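In the working numbering, the protein residues as written are 31 to 169. Heads up, the thing below is written out as structure tokens.
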């Protein structure tokens with residue numbers, strides 16, 4: 031049976047999160063470089079024969095950034111859904127434990143009442159025996 035420890039799972043999740051952040055940062059860097067490179071080209075403000083190619087490059091960059099953001103958002107949403115599921119499980123556990131504690135308290139209260147009744151009966155019987163013993167001595 032393959033069992034993963036919580037430490038390994040957390041380390042794996044941390045590595046995945048760091049990889050996703052690195053991907054986002056790399057995508058943003060590429061986007062900024064392409065954007066800045068476009069602005070630094072001579073005649074960038076003029077219409078040239080390269081303009082359709084630049085639009086295609088810009089669209090590709092935007093598409094790349096969009097897909098990168100979707101991957102990171104997907105990872106975040108999956109993590110949020112996992113946390114929600116875990117919290118729901120904890121809520122159910124707390125609810126069942128609360129019910130168990132209530133049953134235990136109820137049982138304790140019933141036991142306590144039975145003990146009080148028994149103690150009262152014993153004390154009454156001892157008092158009766160004491161009277162009977164005193165009556166026998168005086169006779």
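All C-beta atoms in this analysis are idealised placements derived from N, C-alpha and C, irrespective of residue type, glycine included. Predicted, not measured: the structure shown is a model, and the values here were computed from it.
Practice prompt. Assuming residue 102 contacts residue 62 (C-beta within less than 8 Å), just tell me the rounded distance between them.
Written response: Contact doesn't hold; Cβ gap of about 17 Å is too wide.
- Query: Do residue 47 and residue 64 have their CB atoms nearer than 8 Å?
  - Reply: no
Worksheet item: Going by the CB atoms, is the gap between residue 60 and residue 91 shorter than 8 Å?
Response: yes
* Are the C-beta atoms of residue 151 and some chain D residue less than 8 Å apart? -> The chain labelled as chain D is not found in the depicted structure, where only one protein chain is given.
- Item | Backbone CA spacing between residue 112 and residue 131 [nearest angstrom] | 28 Å
**Item:** Proximity winner among 93, 42 and 98, relative to residue 51 (alpha-carbon distances)
**Value:** 98
**Report entry** Pairwise C-alpha distance: residue 151 and residue 7
**Finding:** Lying before the first or after the last residue shown, residue 7 is absent from the chain, which here runs from 31 to 169.
Helix, strand or coil: how does DSSP classify residue 111 here?
helix
Are the CB atoms of residue 93 and residue 57 nearer to each other than 8 Å?
no
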